[in-house]
Amino acid sequence: YQCPVQIDYVLAYEEDGNDASESPSTADFEKLDQDVDQDEDTEDQNTPQTASSTKEKKQNRRFYFETNLQKMGLQIERVMISPKLGRTRFVLLHAPFPVLEKQAQLLSVKLPVQQSDVDFKDRTSLPGFLDSILSKIGIFDFEPRVKKVLEEPDFFTAPYSSDRRKQFVNWDRPDILFPHAERSRMVYDLLTRAHYDDPRLNSKGKTQNHYRFGIERLVAQGVYTAAYPLHQVMA
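In the UniProt record's numbering, the protein residues as written are 1 to 235.
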């Protein structure tokens, strides 16, 4: 299944001075947070930091984080902006259909399977009377595009499964099978689980799985200034 490229999430960061566009080397990663037994926040507070080392640390963490996002299947597009327009840079994230399908099953995302045939014909006269009064005073006078959304049919839903794909509404339209809000939620889950450092060797030469992960920590550290989904525009 091929989906038209959609922007599912945006990462923003401030470029510090003349940031190099070159990818950090292995040596750069080895210099990044060398003391794995020390708490990250304590280390940052107690270790003297120069502007250069702080800039390098942020750059390395961004590179490693985005590399791991790609390993998780996300596609990345970096927006090139003229320095004259400011120092904010944007990284656009797109989730291909196989990634969305895997995430949907992992998170038990519910999708519509059949239009609901439930009809509320047994309403009492009181709600009906109130509806008529509210309608007369214009309470229900929404904009046309809002009315269109409110008048959309209701559906029965079920947790998504690739084995039962054809049972779901729009199963043959991978670009709209997963709603915009669910796509954002599934990509955000990946952002919270992606790590931004590498496994290191301890004194005995064994790998230590000392990973630091999550977009929230990176935003708190100033590695990124923001992470957000794009707003869906109603037709």
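We treat Cβ as the ideally placed atom computed from N, Cα and C, and that holds for glycine. It should be emphasised that the depicted structure is a prediction, and the values quoted were computed from it without experimental measurement.
Outcome for residue i when other beta-carbon atoms lying within 10 angstroms are tallied against a minimum of 16
i, result
"Gln70", "exposed"
"Lys58", "buried"
"Ser162", "exposed"
"Asn68", "buried"
"Ala95", "buried"
"Phe65", "buried"
"Leu74", "buried"
"Glu101", "buried"
"Ile81", "exposed"
"Ile76", "exposed"
"Ser53", "exposed"
Residues near residue i by beta carbon distance below 7 Å, same chain, minus five either side
i, result
"Gln167", "Val113"
"Glu15", "Arg87 and Arg89"
"Met72", "Leu190 and Ala194"
"Gln221", "none"
"residue 243", "As displayed, the chain neither begins before 1 nor continues past 235, which places residue 243 out of reach and without an answer."
"Ser184", "Asp8, Tyr9 and Pro229"
Where residue i falls: helix, strand or coil (DSSP)
i, result
"Ile76", "strand"
"Ser23", "Per-residue confidence for Ser23 stands at a pLDDT of 48, beneath the threshold of 50, marking its modelled position as unreliable; the derived number appears in the next sentence. Ser23: coil per DSSP, three-state reduction."
"Phe213", "strand"
"residue 247", "The shown model of the chain, from 1 to 235, leaves out residue 247, and the question about it has no answer."
"Phe90", "strand"
"Thr192", "helix"
"Phe65", "helix"
"Phe97", "helix"
"Val109", "coil"
"Val219", "helix"
"Val10", "strand"
"Thr157", "strand"
"Ala226", "strand"
6 Å CB neighbourhood of residue i in its chain, flanking five on each side removed
i, result
"Tyr9", "Leu93, Val187 and Pro229"
"Ala158", "Val113"
"Glu182", "Val109"
"Val169", "Pro112"
"Lys55", "Asp16"
Contacting residues, own chain, Cβ-Cβ under 8 Å from residue i (five flanking each side not counted)
i, result
"Leu219", "At residue 219 the sequence reads Val, which differs from the Leu that was named. Here the set comprises Thr225, Ala226 and Ala227."
"Thr192", "Phe213, Gly214, Ile215 and Glu216"
Distance CB(residue i)-CB(residue j) smaller than 7 Å
i, j, result
"Tyr13", "Arg87", "no"
"Phe178", "His195", "no"
"Leu111", "Tyr160", "yes"
"Val223", "Arg61", "yes"
"Leu11", "Val91", "yes"
"Arg164", "Trp171", "no"
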